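Student: All residue numbers for the sequence shown refer to the numbering used here, where the first residue is 150 and numbers rise by one.
Even glycine gets a Cβ: it sits at the ideal position worked out from N, Cα and C.
Since we're looking at a predicted model, the values are computed, not measured.
Okay, handing you the structure first.
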Amino acid sequence: MALRKAASSQKTRPTKGEAPETPKAPKTPSGRKAPHTDGLGARELAKIRGGLRVVWHRSRARKLCVERCTDAEGYGVCEACFGRTPTLKIDHVVPCGGVEGLIERMFCPSSGLMGLCPTCHNEKTKAERKALREAKK
Ligand SMILES: [Zn+2]
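Here it is as structure tokens:
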């Protein structure tokens, strides 16, 4: 019963953070916007990625992860530092990465997702971006 109460109080709370980001036009390494292409180009791929994110945001797996990381009082509990947070961020344990196999990786089971507080989420994102930069070198 307590669990049901928490779930219903969560629904009445305004959704904070983790709103699906609107995909921005990707930029070339020189900082200019990617050119329009006749067919599938960087812009289209960014929009597809954004569209997938919107669908993922409503997915059962993400919902299960939110439920797993929500305490009896409706607060999020970070799975990295175990701190309570009103703004839980749901992140993929393994970053989604490139386009090849993106749908399968993005729509992984809830065990492949983790709830993080904004601080831990920022640290994880920073580390992932750094690793990506290192890999490109
Ligand atoms: Zn944390």
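Less than 8 Å between the CB atoms is what I'm expecting for V215 and I239, so what's the real figure, rounded?
Tutor: Right, their Cβ atoms sit about 6 Å apart.
Student: What first and last residue would you give for the alpha helix (DSSP H) that runs through G200?
Tutor: That run of the alpha helix (DSSP H) goes 191-206.
Student: Is the closest heavy atom of ligand 1 to the C-beta of C227 under 7 Å?
Tutor: Flag set: Cβ of C227 near ligand 1.
Student: From the DSSP secondary-structure annotation, give me the bridge partner or partners of T219.
Tutor: BP columns for T219 point to G225.
Student: Could you tell me the distance, in whole angstroms, from the CA atom of S228 to the CA atom of G261?
Tutor: The amino acid at residue 228 is misidentified as Ser; the sequence shows Glu. Each residue's Cα considered, the two are about 12 Å apart.
Student: Would you identify the three-state DSSP class for K285, choosing helix, strand or coil?
Tutor: K285: helix per DSSP, three-state reduction.
Student: What did DSSP end up calling E272 once you bin it into helix, strand or coil?
Tutor: Helix.
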